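See structure below.
Chains as they are written, first to last, in this note's numbering: chain A, 766 to 1266; chain B, 127 to 192; chain C, 12 to 211.
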């Protein structure tokens, strides 16, 4: 127990430094900003800022990027409630009841409970990370290449199972991602694979290019294709604070949302998005007020908003303890760590405790900053919603362009990103999910490396993955997940849950 | 001017109060809900009244802010 | 046989194509065996799996209950063909670039045209105008400097959108150019020239 306190103490010393406070603040402000603005989300923003993190020290960089992710969960609820347009994908469910509350003149309490629930969840999940990460990292230190390989298989399968849309297409996208990740020089043999003699490709396709192109550019093009008229409730929002009755009604939802969100965030493939959907579905079944869901039940706002914050923060656990990304945002974080020359994995905690504990402490500080930004200062964000999209996207393109270019001062990188924008657009049109692809892309070379080592150690015996207990367990879970999804019962439930959104 | 400052101060106090109080509140309230479902109707009603009274100063504070 | 699900049809085609492509290209590298995997081992296996999944999706398109039209997005085959031909020409004439500045510029224009055609093959006008502006931005940054390249990007991408009001876009450009210079060059210290290279 005292180890926990001394670690947290270390963390706070790091997080409370002026520099880190500044970057934490920047991160959460930026996060709220892009959360509020529809059409740009944490993935695109973090991808845009990856080149910038090169100039910062690793702790500050990760603190800022993390702030963007969980900050966006706060901001996303604002547009959902006021305009029925989710500012962030995990805020889609908040539209359902939040907007109805706004139409009934209760936008204030809705926004207020969203912020309060998010704050509660953010703080509690930070504690959960502090409690569970160290033992998990200890287990992970015993992992050999076979375990890592199976873990990655589990992660990728979980990501496809928990994604929307066709399962088989998601798996195909994962494999395509793995293949694209293999482009470049093979470390073992020195052979330049799939590079067609283009020298810029011999180092592989830039991760930032893929992420920004597919998530940033393709999204912009898609947004432009849909011109929508939305009724806006941005008139004076008064009565921000929920009544005592509101708080009483929401308390169980907040607790359930936080619990479910924290759990789902840890799962590979999990994160804010899955957490919010699941929490809403659960709440609808369990709450006493379920008849009012969809018509302005405050529980329908409290539960998903708490869940998405909890999920966003606990999804850092697999990253910081196992070195495995559980969702595209975490994949970008790995990218940021690699830019800094840090190899992600369980050794991060022991080799760089200031980084690890500093991040955790700063999450708590960030949540505090966010509740202030989102409650009294919410008027500021509402004004922002009046900027028309056509002014916004050229600016976004500029930032992305500069960002990508500055990675290695290469126009080729910019073109690569634009090419992935085209490809990303095609994928969206063909209903192929890009998120599993990004995960596969990051894990591709790692999987090959671990597969090779495992086979080398076992002298070509492929059953080694099934013989070692941890590896076997993971593969069994993966198979189990696949079976669940294929079973018709669950299939229908999945479709239902996603149709509602 | 005085009213504006008073407004801001109360707002900050209220938010500060909520941020600190929300933690024990959620846990204790939810536990009390569980208790309520397990005891007799009269006790449950008494617990309800208890929470109602607790909330009165909070509601008063909010009204004062608006 | 009727193709019910256009999206799955093309998705299947795409996956089969990628899978086969990766498998074929991997033939150039050493396979190795299970114990010591060569560079071709993993890609071949994955490529095979991808092709199989692609085939499954492809066939599913015929029996799917979900109906989508076959024309998923505006696709102009001739653009792809043209772009590919020009691209191949550009690729093989690369050694000629040393012949002189004029040839270099001509070659760059050729490559640009190839890329532009390939982009334009796939989507609405906004797609290729905007993305081409981005590519342009990347290539113009060094010769023309940040301010002018930004101008190309802002005007180009705004033109690709729905409404284009010259005054509005100009103000946006000026504001962003100022912001970019101060935030990126002065603030973050990114090494890029603000004005055209031959002026500095």
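A virtual CB, placed ideally from N, CA and C, is assigned to each residue, including glycine. Since this is a predicted model, take the numbers as computed values, not measurements.
Exposure of residue 982 of chain A, with buried meaning 16 or more beta-carbon neighbours within 10 Å: buried
Verify the CB distance criterion: does residue 18 of chain C have a CB-CB separation below 8 Å to chain A? With a threshold of 8 Å between beta carbons, residue 18 of chain C makes contact with chain A.
Taking the C-alpha atoms as reference points, what is the distance between residue 47 of chain C and residue 197 of chain C? 51 Å
What does residue 1008 of chain A touch in chain B if you count any residue whose Cβ is under 9 Å from its own? 181, 184, 185, 188
C-beta contact flag for residue 918 of chain A and residue 1243 of chain A at 8 Å: Taking 8 Å as the Cβ cut-off, residue 918 of chain A and residue 1243 of chain A qualify as a contacting pair.
Tell me which same chain residues have a C-beta within less than 6 Å of the C-beta of residue 1265 of chain A, skipping the five on either side of it? Residue confidence is low: residue 1265 of chain A scores 48 on pLDDT, short of 50, so the model does not pin down where it sits. No coordinate-derived value is stated.
Taking C-alpha atoms, which residue in A/1228, A/1229, A/1213, A/1238 lies nearest to residue 953 of chain A? A/1213
Give me the subset of the region 137-160 of chain C whose CB atoms are less than 7 Å from a CB atom of chain A, sorted by chain position. 137, 138, 141, 142, 145, 146, 148, 149, 150, 152
Do residue 61 of chain C and residue 1038 of chain A have their beta-carbon atoms positioned less than 8 Å apart in this structure? A distance of 8 Å or more separates the beta carbons of residue 1038 of chain A and residue 61 of chain C.
Separation of residue 138 of chain B from residue 870 of chain A, as counted between CA atoms: 23 Å
For residue 173 of chain B, decide whether its Cβ has a neighbour in chain A, counting only Cβ atoms nearer than 8 Å. no
Spatial neighbours of residue 1119 of chain A within its chain, please: C-beta separation below 7 Å, excluding the five flanking residues on both sides. 775, 779, 824
For residue 717 of chain A, collect the residues of the same chain with a Cβ closer than 6 Å to its Cβ; drop the 5 residues on either side in sequence, then sort them by chain order. The shown model of chain A, from 766 to 1266, leaves out residue 717 of chain A, and the question about it has no answer.
Which full runs of the alpha helix (DSSP H) of 4+ residues lie inside the region 1067-1112 of chain A, going along the chain? 1093-1104
Give me the residue from C/170, C/131, C/150 with the minimum Cα distance to residue 120 of chain C. C/150
DSSP-derived helix/strand/coil call for residue 994 of chain A: Residue confidence for residue 994 of chain A is low, a pLDDT of 49 falling below 50, so the modelled location carries little weight; the figure read from the coordinates is stated next. If DSSP states are grouped into helix, strand and coil, residue 994 of chain A belongs with coil.
Closer than 8 Å is the cut-off here; do at least three beta carbon pairs connect the region 1191-1206 of chain A with the region 16-28 of chain C? yes
Among residues of its own chain, excluding the 5 on either side of residue 965 of chain A, which ones have a beta-carbon nearer than 6 Å to its beta-carbon? Sequence-distant Cβ neighbours of residue 965 of chain A in its own chain, meaning closer than 6 Å and more than five residues away, are 1177.
Would you please verify whether the beta carbon of residue 114 of chain C is less than 8 Å from any beta carbon of chain A? no
Roughly how many angstroms separate the alpha carbons of residue 1061 of chain A and residue 1154 of chain A, rounded to a whole number? Taking the straight line joining both Cα atoms gives about 28 Å.
So the candidates are C/98, C/158, C/17; which of them puts its Cα closest to the Cα of residue 130 of chain C? Looking at the Cα atoms, C/98 is the closest of the given residues.
Would residue 1203 of chain A and residue 68 of chain C be called neighbours here (beta carbons separated by less than 8 Å)? The Cβ-Cβ distance between residue 1203 of chain A and residue 68 of chain C does not fall below 8 Å.
Quick one, which of B/177, B/182, B/171 has its alpha-carbon nearest residue 152 of chain B's? B/177
From the DSSP secondary-structure annotation, give me the bridge partner or partners of residue 957 of chain A. A/950
Mark residue 161 of chain C as exposed unless 16 or more other C-beta atoms lie within 10 angstroms of its C-beta, in which case mark it buried. buried
Uninterrupted alpha helix (DSSP H) stretches inside the region 1197-1263 of chain A (no shorter than 4 residues): 1199-1222, 1229-1232, 1234-1251
Please specify which runs of the alpha helix (DSSP H), each continuous and at least 4 residues long, are wholly inside the region 866-954 of chain A, giving them in chain order. 872-906, 910-926, 932-946
Have a look at residue 171 of chain B and residue 1036 of chain A and give me their C-alpha separation to the nearest angstrom. 40 Å
Report the start-end ranges of each alpha helix (DSSP H) in the region 1134-1185 of chain A that is 4 residues or longer and not cut off at the edges. 1143-1149, 1154-1173
Does any C-beta atom of chain C lie closer than 8 Å to the C-beta of residue 1167 of chain A? yes
Given residue 887 of chain A, which residues of its chain have a CB within under 8 Å of its CB, disregarding the five upstream and five downstream residues? 835, 1074, 1075, 1078, 1128, 1129, 1131, 1132, 1135
Can you check which of these residues, A/1025, A/915, A/904, A/950, is closest to residue 49 of chain C by C-alpha distance? Checking every option, the nearest Cα to that of residue 49 of chain C belongs to A/950.
For a contact defined as C-beta to C-beta under 7 Å, what are the partners of residue 140 of chain B on chain A? Within 7 Å Cβ-Cβ: 1006.
According to the Cβ coordinates, are residue 164 of chain C and residue 815 of chain A closer than 8 Å? Result no, Cβ atoms of residue 164 of chain C and residue 815 of chain A do not sit closer than 8 Å.
Cβ distance (whole Å) where residue 972 of chain A is taken to contact residue 1100 of chain A below 8 Å: 5 Å
Within 8 Å of any Cβ in chain A, is that where the Cβ of residue 80 of chain C sits? no
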